[in-house]
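K.L.:
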Amino acid sequence: MRNLSPPSKRSNEQFLQERVDYLESMERWHLQEFDVLAGISQIQEDIKNCSNRKEILQKSAAYLDRIPEMRRYGFCLINERSAEFSLDWVNHEESKHPLQCVMDAMIENGDFGWATKSDRSEVKTVLGQPIILIRIAVPDKFLGILIAEVSSQTAFKKHHQRLLTAAVQHIAYALHSQRLYQQINVQNNYLESLIDEKTQQLEHASNFDPLTNLPSRSSFKQQLELSLARASRNNESITLILLDLDFFKRVNEGLGHANGDELLRQVAARLTKNLRDYDPVARMNGASHQDLVCHYGGDEFCLLISDKSESENINQILERLRTSLSRPFHIANREITQSFSAGVASFPEHSINAEQLIQHADIALYQAKEQGRGKHLIYNHKMQQESLSSLTISSKLHQALEREEFEMYYQPQVNMIDSSVVGLEALIRWKDRDGNRIPPDHFIPLAEESGLIVPIGNWVIEQACKQVNDLLDKGFHIPIAVNISARQFSQPDFIERLLSQLNRYSVPHHLLELELTERVVMSDIEDTTQTLKKLETLGIKVSIDDFGTGYSSLSYLKKFPIDVIKIDQAFVSDVTTNSEDAAIVSAIIAMAESLGLETVAEGVETIEQMEFLRAKHCKIGQGYLFSKPLSREQLDQYLSAKTTDLTALQNNPVL
Ligand SMILES: [Mg+2]
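Be aware that the sequence shown starts at 883, since it is given in this note's numbering, and climbs by one per residue.
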């Protein structure tokens, strides 16, 4: 049993003094611990507004320094991308090297690796120093290690360690929050830059045409309004040119929409360059007086000429544009020439408001196209009335078939050696019920646009079959050729309908021929080949019409089962005066001959042309030299004369 007897007087005093000392030291320690704990709880508050990691670590140090027995220490944080540690921050600059050495040694002996995985820590002697490692982590996220040198292994007690661990816990949360905040910031910045970019794109898209990068229609109209207001104030004039590419549809149909778009881009570039080059002040770029070109949609461009002197020379400007666009465009390894039609309206002469100015330029453009394209017209008030009648054509066309307003004409094709009639081309004519004759150039494009070309084309085939039958009854075995549009040719029941008409009128297949233009043939090569093969099997002849005007790839002739090439009248008309045309026609005939194809020369009007063609071995001609297109009654009379007397034609070339 323990001796509980009172100590001697000296030892009693000593005992009491020791107790007092102990209690005082406990009190000091508790005060210190209280101070540290109060500080630690303040860490979160103090570091929550820190903008970066360094600031957090600096502020944290103020609390870590209060923990008793702490000496030098540093934070080894992990780089998330490289997964490598670095001694990011140390409490004193001179601590850096010794701590780095300690860290390297602990990595070497595995203590560091162990500490990254464990929350348990203890003071160890490394390189002769008492060192403790505390893991810096939040749930599911390891951030690094606090490496600290303490006064001694024995002096650094468990409660010191608890304080240090608690402080590091707070620091870990602060570091983690800062990382998240940084990531969110990065995301936010990225989103903001995306939004900025999209906003700019949208702004650009609403102001610029994406295809040509020219000002869009809407921004052009705004600019026009501004220019009109300025011109009105300064008593100036403004001219508006609406420009439309002639037969652009052929490019789209023949070469595909991507190449059509490419042509539009090249045209846009030339128009822009033309205006800019002409004006050394470069008014295109934001000066107060601006000439502008915009892609107005489809194959139309709109030009705003705001200078007074230029407006007075609008014909010169248009000639300049025409020269610029007449140089060949290089599209899909081909050279394409592109003409245009244009309508012109001026402020204040033709209108004082933007909307009406555009409308008037449009009316002038429409009339220019009506008059055969490749032209420009300046608006005048009579055009307003005439344009209304053009709109009426469209609406009348819908009823023309049922009202039986169409009529067939037939133009003979003549053997230029023996003057016999070897074929007829069926040509549609339209006389409306008011007695107006509407030229095919006017209504065929409208019929193509509206799709009416299909029923009209079917009607033409029926009439041709009926006519062949009629001629057979009269003893004439003459084939009739009909022109087939792209839309009609691509109908799935095209051959079926053709056969039903041939059967209905008992027409031998070789007496009906089909004329297809190059663009029809080239529009969908795969389908075209299929249909052409079926026609070949059925014994129906096919001609390539207007040869030379399209996208003359001679190589495709070999691929398609075709029988005849009709040389376009554009070449024939100048064959005796233009050596280039003569060379082209000679080459076409020679090439056709080598491929075993017949040639028919279109638009033969003079004896000289006929002689040239005969000399080149082109046997068949069609044109006013032999006959204009004939109505059924006229055809009967013509054929009853049996053959065309070529000698007589010399004296009277047009029948
Ligand atoms: Mg034809």
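C-beta atoms are modelled at their ideal positions from N, C-alpha and C, and glycine is treated no differently. Note that the coordinates shown come from a computational prediction; the quantities given were computed from them, not determined experimentally.
Since Gln1011 sits in a beta bridge, which residues does DSSP pair it with?
P.N.:
Gln1011 pairs with Val1008.
K.L.:
Please identify the residue among Ile1013, Ala1056, Leu905 and Gly992 whose C-alpha is closest to the C-alpha of Asp928.
P.N.:
For Asp928, the nearest C-alpha among the options comes from Ala1056.
K.L.:
According to DSSP, is Pro1162 helix, strand or coil?
P.N.:
Bear in mind that the predicted position of Pro1162 carries a pLDDT of just 39, short of 50, making it too unreliable to give a figure here.
K.L.:
What residue does the alpha helix (DSSP H) around Gln1104 start on, and which one ends it?
P.N.:
Counting along the chain, the alpha helix (DSSP H) containing Gln1104 begins and ends at Arg1099 to Asn1116.
K.L.:
Alpha carbon to alpha carbon, what distance is there between Ala1452 and Gly1317?
P.N.:
One C-alpha to the other measures close to 31 Å.
K.L.:
Alpha carbon to alpha carbon, what distance is there between Gln1241 and Ser1461?
P.N.:
Approximately 44 Å between the Cα atoms of the pair.
K.L.:
Does the distance from the C-beta atom of Tyr955 to that of Asn973 stay below 7 Å?
P.N.:
Yes, the Cβ-Cβ distance between Tyr955 and Asn973 is below 7 Å.
K.L.:
So Arg1369 and Val1336 are supposed to be a Cβ contact under 8 Å. How far apart are they, rounded?
P.N.:
Arg1369 to Val1336, Cβ: 6 Å. Contact.
K.L.:
Who pairs with Pro1312 in a beta bridge, going by DSSP?
P.N.:
Going by the sequence as given, residue 1312 is Trp instead of Pro. Answer is Phe1288 and Ile1320.
K.L.:
When you compare the segment 1043-1052 with the segment 1011-1019, are there three or more beta-carbon pairs, one atom per stretch, that lie closer than 8 Å?
P.N.:
As far as the Cβ criterion goes, the segment 1043-1052 touches the segment 1011-1019, which means the pair count is three or higher.
K.L.:
Less than 7 Å between the C-beta atoms of Ala1472 and Cys1500, yes or no?
P.N.:
Not closer than 7 Å, so no.
K.L.:
Following the continuous alpha helix (DSSP H) through Cys983, name the residue where it begins and the one where it ends.
P.N.:
Per DSSP, Cys983 belongs to the alpha helix (DSSP H) from Lys978 to Asn991.
K.L.:
For Asp1244, I'd like the list of residues in its chain whose CB is within less than 7 Å of its CB, leaving aside the five on either flank, ordered along the chain.
P.N.:
So the list reads Leu1124 and Gly1225, once near-sequence residues are dropped.
K.L.:
Please determine whether the Cβ atom of Asn1365 lies at a distance below 6 Å from any heavy atom of ligand 1.
P.N.:
Because some heavy atom of ligand 1 lies under 6 Å away, the Cβ of Asn1365 counts as near it: yes.
K.L.:
Return the residue from the list His912, Leu1009 and Arg1319 that minimises the CA-CA distance to Ile989.
P.N.:
Of His912, Leu1009 and Arg1319, the residue nearest in Cα terms is Leu1009.
K.L.:
Skipping 5 residues on each side, what residues in its chain have a beta carbon closer than 6 Å to that of Cys1176?
P.N.:
Excluding positions up to five away in sequence, the list reads Leu1096, Pro1097, Phe1102 and Cys1184.
K.L.:
Nearest to Glu1135 by alpha carbon, out of Val1402, Leu1417, Ile938 and Met1492?
P.N.:
When only C-alpha atoms are compared, the closest one is Val1402.
K.L.:
If I measure Cβ to Cβ from Gln899 and keep anything under 8 Å in the same chain, skipping five residues before and after, which residues do I get?
P.N.:
There are no such residues.
K.L.:
Per the DSSP calculation, Trp971 is bridged to which residue(s)?
P.N.:
Paired residue(s): Phe957.
K.L.:
On the three-state DSSP scale, how would you describe Phe916?
P.N.:
Three-state DSSP puts Phe916 in a helix.
K.L.:
Can you tell me which of the three DSSP states Met1265 falls into?
P.N.:
Correct three-state label for Met1265: helix.
K.L.:
Exposed or buried, what is Phe957 when buried is set at 16 or more other beta-carbons lying within 10 Å of its beta-carbon?
P.N.:
Looking at its Cβ environment, which holds 16 or more other Cβ atoms inside 10 Å, Phe957 is buried.
K.L.:
Just mark Asp1001 as buried or exposed, buried being the case when its beta carbon has 16 or more other beta carbons within 10 Å.
P.N.:
Under this definition Asp1001 is an exposed residue.
K.L.:
Should Val1350 be labelled buried (16 or more other beta-carbon atoms within 10 Å of its own) or exposed?
P.N.:
So Val1350 counts as buried.
K.L.:
I'd like to confirm the pairing. Which residues does DSSP put opposite Lys1423 in its beta bridges?
P.N.:
For Lys1423, which the question treats as bridged, DSSP gives the partners Glu1395.
K.L.:
Give the single residue among Phe1358, Leu1398, Gly1180 and Gly1505 whose Cα lies nearest to the Cα of Ser852.
P.N.:
Residue 852 lies beyond the stretch modelled for the chain, which goes from 883 to 1537, so this question has no answer here.
K.L.:
Taking the Cβ atom as the reference point for each residue, do Leu1328 and Pro1511 lie within a distance shorter than 7 Å?
P.N.:
The answer is no: Cβ separation not under 7 Å.
K.L.:
Just the C-alpha distance for Leu850 and Leu1122, rounded to the nearest angstrom, thanks.
P.N.:
Lying outside 883 to 1537, the shown extent of the chain, residue 850 is not represented and no answer is given.
K.L.:
Consider the C-beta atom of Asp1427 and the heavy atoms of ligand 1; say whether any pair is separated by less than 6 Å.
P.N.:
Answer for Asp1427: yes, Cβ within range of ligand 1.
K.L.:
Is Glu1378 near ligand 1, going by C-beta to nearest heavy atom under 6 Å?
P.N.:
Because no heavy atom of ligand 1 lies under 6 Å away, the Cβ of Glu1378 does not count as near it: no.
K.L.:
Between Asn1480 and ligand 1, is there a pair consisting of the residue's CB and a ligand heavy atom that are separated by less than 6 Å?
P.N.:
Residue 1480 is actually Glu in this sequence, not Asn. Glu1480 Cβ: outside cutoff for every heavy atom of ligand 1.
K.L.:
Assign Glu1182 to one of two classes, buried (16 or more other C-beta atoms within 10 Å of its C-beta) or exposed (fewer than that).
P.N.:
Buried.
K.L.:
Check whether the Cβ atoms of Leu1414 and Pro1443 lie closer than 7 Å to each other.
P.N.:
Result yes, Cβ atoms of Leu1414 and Pro1443 sit closer than 7 Å.
K.L.:
DSSP on Pro1598, reduced to helix/strand/coil?
P.N.:
Because the chain is modelled from 883 through 1537, residue 1598 falls outside the range shown and cannot be assessed.
K.L.:
Check Asn1365 in the structure and name its three-state DSSP category.
P.N.:
Reduced to three states, the DSSP call for Asn1365 is strand.
K.L.:
So the alpha helix (DSSP H) Phe1376 belongs to, where does it begin and stop?
P.N.:
First-last of the alpha helix (DSSP H) with Phe1376: Phe1376 to Arg1386.
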